[in-house]
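**Q** Protein chains in written order, with this note's numbering: chain A, 4 to 301; chain B, 4 to 301; chain C, 4 to 301; chain D, 4 to 301.
Don't be surprised by glycine CBs; every beta carbon is placed ideally from N, CA and C.
Let me begin by handing over the structure; questions about it come next.
4 protein chains.
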Amino acid sequence: MNNIPFKGVIAYPVTPFDQNENIDLPLFKKQVERLVTSGSHAIAPLGSTGVMPYLNDTEKEAITEATMQQVAGRVPTLVGVSNLTTERTIYHAQFAEKAGATAVMIIPMSYWKLSDQEIIKHYDSVASKISIPIMVYNNPATSGVDMSSNLLKRLLEIPNVTMVKESSGDVQRMHYLRRELGEDVAFYNGSNPLALAAFSAGANGWCTAAPNLIPELNIALYNAIQENDLQKARELFYQQMDLLKFIVAKGLPRSIKAGLDLLGIGGGHFKSPLNALNENEVEELKNILKTLNYNIEE
Amino acid sequence: MNNIPFKGVIAYPVTPFDQNENIDLPLFKKQVERLVTSGSHAIAPLGSTGVMPYLNDTEKEAITEATMQQVAGRVPTLVGVSNLTTERTIYHAQFAEKAGATAVMIIPMSYWKLSDQEIIKHYDSVASKISIPIMVYNNPATSGVDMSSNLLKRLLEIPNVTMVKESSGDVQRMHYLRRELGEDVAFYNGSNPLALAAFSAGANGWCTAAPNLIPELNIALYNAIQENDLQKARELFYQQMDLLKFIVAKGLPRSIKAGLDLLGIGGGHFKSPLNALNENEVEELKNILKTLNYNIEE
Amino acid sequence: MNNIPFKGVIAYPVTPFDQNENIDLPLFKKQVERLVTSGSHAIAPLGSTGVMPYLNDTEKEAITEATMQQVAGRVPTLVGVSNLTTERTIYHAQFAEKAGATAVMIIPMSYWKLSDQEIIKHYDSVASKISIPIMVYNNPATSGVDMSSNLLKRLLEIPNVTMVKESSGDVQRMHYLRRELGEDVAFYNGSNPLALAAFSAGANGWCTAAPNLIPELNIALYNAIQENDLQKARELFYQQMDLLKFIVAKGLPRSIKAGLDLLGIGGGHFKSPLNALNENEVEELKNILKTLNYNIEE
Amino acid sequence: MNNIPFKGVIAYPVTPFDQNENIDLPLFKKQVERLVTSGSHAIAPLGSTGVMPYLNDTEKEAITEATMQQVAGRVPTLVGVSNLTTERTIYHAQFAEKAGATAVMIIPMSYWKLSDQEIIKHYDSVASKISIPIMVYNNPATSGVDMSSNLLKRLLEIPNVTMVKESSGDVQRMHYLRRELGEDVAFYNGSNPLALAAFSAGANGWCTAAPNLIPELNIALYNAIQENDLQKARELFYQQMDLLKFIVAKGLPRSIKAGLDLLGIGGGHFKSPLNALNENEVEELKNILKTLNYNIEE
Numbered sequence: 004m005n006n007i008p009f010k011g012v013i014a015y016p017v018t019p020f021d022q023n024e025n026i027d028l029p030l031f032k033k034q035v036e037r038l039v040t041s042g043s044h045a046i047a048p049l050g051s052t053g054v055m056p057y058l059n060d061t062e063k064e065a066i067t068e069a070t071m072q073q074v075a076g077r078v079p080t081l082v083g084v085s086n087l088t089t090e091r092t093i094y095h096a097q098f099a100e101k102a103g104a105t106a107v108m109i110i111p112m113s114y115w116k117l118s119d120q121e122i123i124k125h126y127d128s129v130a131s132k133i134s135i136p137i138m139v140y141n142n143p144a145t146s147g148v149d150m151s152s153n154l155l156k157r158l159l160e161i162p163n164v165t166m167v168k169e170s171s172g173d174v175q176r177m178h179y180l181r182r183e184l185g186e187d188v189a190f191y192n193g194s195n196p197l198a199l200a201a202f203s204a205g206a207n208g209w210c211t212a213a214p215n216l217i218p219e220l221n222i223a224l225y226n227a228i229q230e231n232d233l234q235k236a237r238e239l240f241y242q243q244m245d246l247l248k249f250i251v252a253k254g255l256p257r258s259i260k261a262g263l264d265l266l267g268i269g270g271g272h273f274k275s276p277l278n279a280l281n282e283n284e285v286e287e288l289k290n291i292l293k294t295l296n297y298n299i300e301e
Numbered sequence: 004m005n006n007i008p009f010k011g012v013i014a015y016p017v018t019p020f021d022q023n024e025n026i027d028l029p030l031f032k033k034q035v036e037r038l039v040t041s042g043s044h045a046i047a048p049l050g051s052t053g054v055m056p057y058l059n060d061t062e063k064e065a066i067t068e069a070t071m072q073q074v075a076g077r078v079p080t081l082v083g084v085s086n087l088t089t090e091r092t093i094y095h096a097q098f099a100e101k102a103g104a105t106a107v108m109i110i111p112m113s114y115w116k117l118s119d120q121e122i123i124k125h126y127d128s129v130a131s132k133i134s135i136p137i138m139v140y141n142n143p144a145t146s147g148v149d150m151s152s153n154l155l156k157r158l159l160e161i162p163n164v165t166m167v168k169e170s171s172g173d174v175q176r177m178h179y180l181r182r183e184l185g186e187d188v189a190f191y192n193g194s195n196p197l198a199l200a201a202f203s204a205g206a207n208g209w210c211t212a213a214p215n216l217i218p219e220l221n222i223a224l225y226n227a228i229q230e231n232d233l234q235k236a237r238e239l240f241y242q243q244m245d246l247l248k249f250i251v252a253k254g255l256p257r258s259i260k261a262g263l264d265l266l267g268i269g270g271g272h273f274k275s276p277l278n279a280l281n282e283n284e285v286e287e288l289k290n291i292l293k294t295l296n297y298n299i300e301e
Numbered sequence: 004m005n006n007i008p009f010k011g012v013i014a015y016p017v018t019p020f021d022q023n024e025n026i027d028l029p030l031f032k033k034q035v036e037r038l039v040t041s042g043s044h045a046i047a048p049l050g051s052t053g054v055m056p057y058l059n060d061t062e063k064e065a066i067t068e069a070t071m072q073q074v075a076g077r078v079p080t081l082v083g084v085s086n087l088t089t090e091r092t093i094y095h096a097q098f099a100e101k102a103g104a105t106a107v108m109i110i111p112m113s114y115w116k117l118s119d120q121e122i123i124k125h126y127d128s129v130a131s132k133i134s135i136p137i138m139v140y141n142n143p144a145t146s147g148v149d150m151s152s153n154l155l156k157r158l159l160e161i162p163n164v165t166m167v168k169e170s171s172g173d174v175q176r177m178h179y180l181r182r183e184l185g186e187d188v189a190f191y192n193g194s195n196p197l198a199l200a201a202f203s204a205g206a207n208g209w210c211t212a213a214p215n216l217i218p219e220l221n222i223a224l225y226n227a228i229q230e231n232d233l234q235k236a237r238e239l240f241y242q243q244m245d246l247l248k249f250i251v252a253k254g255l256p257r258s259i260k261a262g263l264d265l266l267g268i269g270g271g272h273f274k275s276p277l278n279a280l281n282e283n284e285v286e287e288l289k290n291i292l293k294t295l296n297y298n299i300e301e
Numbered sequence: 004m005n006n007i008p009f010k011g012v013i014a015y016p017v018t019p020f021d022q023n024e025n026i027d028l029p030l031f032k033k034q035v036e037r038l039v040t041s042g043s044h045a046i047a048p049l050g051s052t053g054v055m056p057y058l059n060d061t062e063k064e065a066i067t068e069a070t071m072q073q074v075a076g077r078v079p080t081l082v083g084v085s086n087l088t089t090e091r092t093i094y095h096a097q098f099a100e101k102a103g104a105t106a107v108m109i110i111p112m113s114y115w116k117l118s119d120q121e122i123i124k125h126y127d128s129v130a131s132k133i134s135i136p137i138m139v140y141n142n143p144a145t146s147g148v149d150m151s152s153n154l155l156k157r158l159l160e161i162p163n164v165t166m167v168k169e170s171s172g173d174v175q176r177m178h179y180l181r182r183e184l185g186e187d188v189a190f191y192n193g194s195n196p197l198a199l200a201a202f203s204a205g206a207n208g209w210c211t212a213a214p215n216l217i218p219e220l221n222i223a224l225y226n227a228i229q230e231n232d233l234q235k236a237r238e239l240f241y242q243q244m245d246l247l248k249f250i251v252a253k254g255l256p257r258s259i260k261a262g263l264d265l266l267g268i269g270g271g272h273f274k275s276p277l278n279a280l281n282e283n284e285v286e287e288l289k290n291i292l293k294t295l296n297y298n299i300e301e
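Structure (structure tokens):
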């Protein structure tokens, strides 16, 4: 289907800064290049991993454009454009479309919990201003809103709302989604430790920052599922489970940047108040990567 | 291994009463017979489904003995013997062993949350008084105690504590258990809606009351997993998912008894204050069973 | 009102055992005597503090009778008679009435979450078999059932159901109860750390094990409230707050028994698997009591 | 103390928009004037009630300046300047100081949960750039971070961090704060339904949007506490409790604006996706206000 452009491993890059807290675009492009060449099936800048909420408009636009330049059509792109206000969400969605994004991802960000009517109007307003597909993102932990399957059904009636990303961390919700929304609706797993369970449940893809560190294992897991080989998938999952749990427990931007430093690629600096992992945490990550046979620069 | 006697579908019978709230042993035996002949791999009386905590000692003993008589060694048996006090737990564990049970299941029941030391001493005391294997049961929702993997590791050092049943409803705990305890430890899933996810994660078996109603589907799911056919397992899981969710949402004893009535086998009465499903709930269950092509007596 | 026999500080004794795990009745009577003479306004045996769920029928009956003998009508008594089955609840309620209890306390114990209809029938059945007042006890943490104010309203329509004890630990529920049930309904606080907030909200009394250790402070707090002296009540509350938090955090039976040992009265032994506080915890309790100027036997 | 400039009722205005979603400054000033003349002890623009996170920099600055002009030194002011990034927080704090704010309020906003070290550095960085006092705001529900009393202690060592606002909705945390931080630390209640419990616990003030609707009742409650008249305070609290619960349950901006419309003052429009209460909710609010004898324009 034209408007469901994603399957497999959708990779989320970080946003690297220099020491003055300005975006380091050359390093960003290097990281994106590595995600593409190591086999990820799509690139998703300005996600949680990309600390999108901490960026100003200029920074968001620079990251969007740099992604398009570097990916250059080799794989589809999914740009995060969520914002507290409808007006700003439209602005960034239109920017992404004009820049060449394949699709946009929108979570109903909220400081004040939104009603279903407010959420519907929000997506309706944005969808009517762009023509590329929208992935609805449900993540109660960060948005403060847990969208019901009835609400998701309603949102999927909007013509270019065609995909759902579920990150509540409960595999039963994925079962329920697929049951309620039907097999035709594309749903994506956004919870790394549920990678095996979500693919078993029939997820179309896995939205993850892990390919910044262990792309081979992530893609091999997807391939085993495609080959209907559960035993192999299980084995691959248990191999990478410690890494998946670590990056979620310590925070994706911090742990991915630390891992990129350890792998010699470079993770870049942070924007305050966010800061790097402490030494013990870096040591723990180093041990996990070594166990997986990655070469660590000492 | 001799002391890990279970795999596959471990079926939990209800405890039927007559109108005077006395146990209906003939009906119980009929229900057990059906569980055995429809292919369940083990029978587990006096579980939550069997409303064990509501029974007095005489009733527990009658159910234990009736199970042994009816099963007659055709499949292994797992008898629930949990009790708030160590003294009564020992009593019932010894009774079960003497009656011929293959193994006993023990959850650390608590009114006052137990410390790790208290739990270890409890299992130690019981284990030293019997020689059949013990399955440790973790279910924070009913016991009030969530046993850590460290504690479970310690309990598994007791020679005849050989199995773990996990019912917290979070598949990530199963991943963690297998990771921490090693592949040799037998772990069992006690959460019906997680049947697919738990088998995908490598569970040895599924402790469930569902075979009272849909034994063919339950066993087919296990067989698909054994055949490493994830697509078939997924399809079978989605077929039975509504039934699995219903019996958990409405309470196992109530929903299984209602289903046994609908199927013409008879579920029996309840012990107060527990009571039957209401009419709307029965109607809902009837529709689920009809969708699965079961013949319902109208 | 004749059927609201309690106000002020309702004291909960522990149940002491000897080294063979038999009830130590002489020690129990000594503890009860101290509760009465130190000014508690009522005595409530067989509560959570009295580890009622761990006792067999004989033990419950012995404790009930010993309480009546020792109190000898000097203050009213409130006997816990809750049980999973309706039949056993009736049995113990009738025993308490015959023994001379002023009232009984009943929590809707549940292994399987009860429906509102099941709870109503349970209270109706018990209430119709006794003529003394019943205090309904809401404590979702131990019973697994959180009774709504609508359900409580319905229960209070049963003639001898006249009091509500609220232990959810949320003062807003007490506000709501009083608002919904009206000022005439007697409500009691069962959460020690909420003593000040609950009295401020208008609670008729405080159900507590603390008078085993610090009766003077507990009663002084109630008196300050009676005198409408908020500043004094606040000061008294902050004085005893550490003790109140400690006994809740460590478990009432364990911490009260340890305190009784420290005070030279004697707390008695436990029934397995329950066990004593560890040394560090006892040291912490000793320091709290010393700060409150209690003499500790070293 | 010079650097603890607040006590009593600290009133939070809304931010009214016109139909084109531009700020309606004349209406804002009218609302602020009413808060001052009806007796509030301080004015706090750009709080949650003022939908600060939805405003761009220009809008925030306009609201800050309009507040200073309208209040004109009659009562102290507390301006919200929280932001996800340290750089923007400093910017807005400096703007507020220059505009004449008495103090600023800062919550550690987070998309990615901050470590204690990150939070300390954030407050340190901001505090070193301004000379007016800072109120630390703890509200895990909106910030995603629950600051421990140890962390709060550390933050209070920063010279111009002098006040704590607690909005977790648990009165036990206020007890604990006062106990751990000492009586000299000024703590403020930010949870409307806890107004009585928090004042009973010794809170210095009440941060609330309620004075937009019922200023007389809010101030009378504070006065009763000052007079040590618990019975009167309790009575006043129960009078206003339904209103306090309503505005929290329905969201402060929505319910306060609806109330201002009902009272004939005018609440203004919203910024999308936020929207007005529905008709049933407005009707409910109307009934609550009528019960409190407010004149409602029909």
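Which partner residues does residue 11/A have in the DSSP bridge list?
**A** In the DSSP secondary-structure assignment, residue 11/A is bridged to 208/A.
**Q** Would you kindly work out how many angstroms separate the C-alpha atoms of residue 242/A and residue 182/B, rounded to a whole number?
**A** Taking C-alpha positions only, residue 242/A is separated from residue 182/B by approximately 10 Å.
**Q** Please report whether the beta-carbon of residue 180/A lies at a distance below 9 Å from any beta-carbon of chain B.
**A** no
**Q** Taking the C-alpha atoms as reference points, what is the distance between residue 240/B and residue 38/B?
**A** A straight line joining the alpha-carbon of residue 240/B with that of residue 38/B spans about 20 Å.
**Q** Quick check on the DSSP output: what are the complete beta strand (DSSP E) runs of length 3 or more inside the region 161-191 of chain D, in order along the chain?
**A** Counting only runs of 3 or more, we get 164-169.
**Q** So, at 7 Å on beta carbons, what are the nonlocal neighbours of residue 20/C in its own chain, with the 5 sequence-adjacent residues on each side left out?
**A** 26, 27, 271, 272, 273 and 274
**Q** Please say whether residue 130/A and residue 80/A have beta carbons closer to each other than 9 Å?
**A** no
**Q** If you follow the beta strand (DSSP E) that residue 81/A is in, where does it begin and where does it stop?
**A** 81-83
**Q** Assign residue 173/C to one of two classes, buried (16 or more other C-beta atoms within 10 Å of its C-beta) or exposed (fewer than that).
**A** buried
**Q** What are the start and end residues of the alpha helix (DSSP H) that includes residue 26/B?
**A** Looking at the DSSP string, residue 26/B is not in any alpha helix (DSSP H), and its letter there is neither H nor E.
**Q** DSSP three-state call for residue 140/B: helix, strand or coil?
**A** strand
**Q** Let me know if residue 165/B comes out buried or exposed under the rule of 16 or more other beta-carbons within 10 Å of its beta-carbon.
**A** So residue 165/B ends up on the buried side.
**Q** What do you get for residue 229/C, buried or exposed, if any count of 16 or more other CB atoms within 10 angstroms of its CB means buried?
**A** By the beta-carbon neighbour count (other beta carbons within 10 angstroms, threshold 16), residue 229/C is exposed.
**Q** My understanding is that residue 141/C touches residue 169/C, with C-beta atoms under 8 Å, so please give their C-beta distance in whole angstroms.
**A** 5 Å
**Q** How many angstroms separate the CA atom of residue 221/A from the CA atom of residue 171/A?
**A** 20 Å
**Q** DSSP three-state label for residue 272/A, please.
**A** In the structure shown, residue 272/A falls within a strand segment according to DSSP collapsed to helix, strand and coil.
**Q** Do you know offhand how far residue 3/B's Cα is from residue 196/B's?
**A** Examination of residue 3/B is not possible in this model, given that chain B is present from 4 through 301 alone.
**Q** Kindly indicate which residue of 109/C, 128/C, 87/C and 276/C has the alpha-carbon position closest to the one of residue 47/C.
**A** With respect to the C-alpha of residue 47/C, the residue from 109/C, 128/C, 87/C and 276/C having the closest C-alpha is 109/C.
**Q** Does residue 29/D pass the burial test, meaning 16 or more other C-beta atoms within 10 Å, or should it be called exposed?
**A** exposed
**Q** Please tell me whether residue 142/D has its Cβ less than 9 Å away from any Cβ of chain C.
**A** Closer than 9 Å: no.
**Q** Report yes if the C-beta distance between residue 93/C and residue 124/C is below 9 Å; otherwise report no.
**A** no
**Q** Is residue 4/C close to chain D? Criterion is C-beta to C-beta, closer than 9 Å.
**A** For residue 4/C, the predicted structure reports a pLDDT of 44, less than 50, and the residue's modelled location is therefore unreliable. A value from the coordinates is still provided. Taking Cβ atoms only, chain D never reaches closer than 9 Å to residue 4/C, which makes this a no.
**Q** I'd like to know whether the C-beta of residue 241/C is nearer than 9 Å to at least one C-beta of chain D.
**A** yes
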